[in-house]
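Beneath this line is the structure, given in structure tokens, with notes to follow.
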Amino acid sequence: MRPIFFPHEFFRPRAPAAVARDDEAEGTKPILAPHELFHHEAPAAAAATVVRDEESDEEPIVGIVGLEMSDFQVTGELGGGLYNVVYKARLRRCPHGGVFALKTPYYDLGGREEDEAVAAVLRRVEGLEHVVRCHAMFRRNESLRVAVFEHMNGGSLDRALSRRGGRGLPEPALAEVAAACLAALRGLHSRGVVHLHLNPFHILADADGNIKICDFDDAKIIPPGPGSTVYSGIGFGSPEYMSPERCAPMAMAGARVARAADVWSLGITVLHLYQGYCPARPLPSKRTLERLSYEISHGEPPSVPDEDTRASIELRGFVSACLQKCVCTRATVAELLNHPFVAERDVAESRRVLKEVIVATMDKDDY
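Every letter in the sequence shown is one number past the one before it in full-length UniProt numbering, and letter 16, counting from 1, is 16.
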């Protein structure tokens, strides 16, 4: 795979209207309908229109007709993984300086077909509760896509753990995170989407203590009809969060099994956030990956250690309900939403503690 870097000319100034843009030849077009803040069709007699930010009491924001990558100014790097990097950017023409997250791959990951698959998922999950909003997606060429997401200034929960020195989250905060993730999964599953890559890296927070899941590169849309299946085997990401049934070669899953895989990932994630580290160690080699797959498939499921006297009965029960190796006995999202760990939490206190934890891990550059 050929490395792709993010050149400065990628954000070149807009060309004059009378001159044909290189972007048109290279296919830099939104392939996901942007939010009206970015793309608002103006009346025929006007070049632009004004739309009001419904979530703000500030002055109206000028909508932009024909959003382009040159409309953004990169101000820093938010982070990245093995295959993608995320930049912090501002919309140049937004008088109130809106901040967004631009995600782009390091490598050629599959071209237009892969882009369309990701865009189809993002369209499907638009507007769901506790799901990071994608405002637009651009294709720079046959292999490089850039997605424009809302910016969550608290970063990922993995970052929060790191900035806490590896200390896990307090139970009240953890219960709020679990509730938000379950609400997100309920929405995804109701629209025929499975995430298949849930972990602390893909759960974001902001300074108000809001929680949203992100990263739908591995997500799948389950085709309608009985007997339909999707590939659910080892992906490119984090196999330590995979369920036992996903470790089989060329694993295929129907709707029930695929949704159960998300529940398992949630259980591992909750345990990770509680302990401060993942139950499975990072994978340095293929041989280790094979060993991990064997251990997930044949070993005992992870659990809160018996010697941990801090853990409540509710937390232990929640993790156990998520990490049943047999899909038939693993709890569903609906059942987990009614589990005492989530349903009987003190919502106000949980949100207060979570917000306190997130704000304590932020610095001035995050605002």
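Glycine residues also receive a C-beta, built at the ideal position from the N, C-alpha and C atoms.
Within 10 angstroms of its Cβ, does residue i collect 16 or more other Cβ (buried), or is it exposed?
{"i": "S56", "result": "Only weak support exists for where S56 lies, its pLDDT of 33 falling under 50; the value from the coordinates is given anyway. Answer is exposed; the Cβ neighbour count stays below 16."}
{"i": "V347", "result": "exposed"}
{"i": "E113", "result": "exposed"}
{"i": "A89", "result": "buried"}
{"i": "P3", "result": "With a pLDDT of only 36 at P3, under the threshold of 50, the placement of this residue in the model should not be trusted; the figure read from the coordinates follows. The residue is exposed, with fewer than 16 neighbouring Cβ atoms inside 10 Å."}
{"i": "P249", "result": "exposed"}
{"i": "S293", "result": "buried"}
{"i": "H298", "result": "exposed"}
{"i": "T82", "result": "According to the sequence displayed, residue 82 carries Leu and not Thr. It is exposed - the Cβ of L82 has fewer than 16 other Cβ atoms within 10 Å."}
{"i": "T309", "result": "exposed"}
{"i": "D217", "result": "buried"}
{"i": "P223", "result": "exposed"}
Tell me which residues share the same chain as residue i and place their Cβ nearer than 8 Å to its Cβ, disregarding the 5 neighbours each side in the sequence.
{"i": "R124", "result": "R191, G192, V193 and I221"}
{"i": "residue 372", "result": "The requested residue 372 is not part of the displayed model; the chain covers only 1 to 367."}
{"i": "E77", "result": "V85, V86, Y87 and K88"}
{"i": "G79", "result": "V85, V86, G155, S156 and R159"}
Does the separation of the CB atoms of residue i and residue j fall below 8 Å?
{"i": "L289", "j": "P239", "result": "yes"}
{"i": "V230", "j": "I203", "result": "no"}
{"i": "L128", "j": "G187", "result": "yes"}
{"i": "L315", "j": "V304", "result": "yes"}
{"i": "L336", "j": "V342", "result": "yes"}
{"i": "G276", "j": "G154", "result": "no"}
{"i": "residue 370", "j": "A205", "result": "The displayed coordinates of the chain run from 1 to 367. Any statement about residue 370 would go beyond what the structure contains."}
{"i": "G227", "j": "A251", "result": "no"}
{"i": "H151", "j": "V99", "result": "yes"}
{"i": "H189", "j": "A219", "result": "no"}
{"i": "H130", "j": "A183", "result": "yes"}
{"i": "A207", "j": "V359", "result": "yes"}
Among the candidates the options, whose CA atom is the shortest distance from the CA of residue i?
{"i": "A119", "options": "N210, A147, L198 and S350", "result": "A147"}
{"i": "H272", "options": "G81, L169 and E114", "result": "L169"}
{"i": "A261", "options": "G166, S243, C247 and I268", "result": "S243"}
{"i": "R139", "options": "H130, G98, M69 and R93", "result": "M69"}
{"i": "K325", "options": "R345, I358, E245 and D366", "result": "E245"}
{"i": "R330", "options": "R345, G225 and R256", "result": "R256"}
{"i": "S312", "options": "I296, E344, G254 and M362", "result": "E344"}
{"i": "E295", "options": "R163, R93, A280 and E77", "result": "A280"}
{"i": "P105", "options": "A179, D215 and P223", "result": "D215"}
{"i": "R291", "options": "C247, S265 and A258", "result": "C247"}
{"i": "V263", "options": "G225, K355 and A179", "result": "A179"}
Leaving aside the five residues before and after residue i along the sequence, list all residues of the same chain whose C-beta is less than 7 Å from its C-beta, in chain order.
{"i": "P200", "result": "S156, L157, D158, L161, T269, H272 and L273"}
{"i": "G267", "result": "V319, C322 and L323"}
{"i": "T75", "result": "K88, A89 and R90"}
{"i": "D23", "result": "The pLDDT assigned to D23 is 42, lower than 50, so where the model puts this residue is not dependable; a value taken from the coordinates is nonetheless given after this. Counting only Cβ-Cβ distances below 7 Å, and skipping sequence neighbours, we find E68."}
{"i": "Q73", "result": "F11, A89, R90 and R92"}
{"i": "F164", "result": "Rather than Phe, the amino acid found at residue 164 in this sequence is Arg. For R164, where only same-chain residues beyond five positions count, the Cβ hits under 7 Å are T361."}
{"i": "P302", "result": "I268, L271, P279 and L323"}
{"i": "K355", "result": "D208 and G209"}
What does a CB cutoff of less than 6 Å around residue i pick up in its chain, not counting 5 residues either side in sequence?
{"i": "P172", "result": "E349, S350 and V353"}
{"i": "P340", "result": "E314"}
{"i": "C278", "result": "E240 and H272"}
{"i": "R133", "result": "E150"}
{"i": "K364", "result": "none"}
{"i": "S265", "result": "L198 and Y241"}
{"i": "G254", "result": "T229"}
Looking at the C-beta of residue i, does it have a partner C-beta in chain D at a distance below 8 Å?
{"i": "P223", "result": "This model lacks chain D altogether, as it is built from one protein chain only."}
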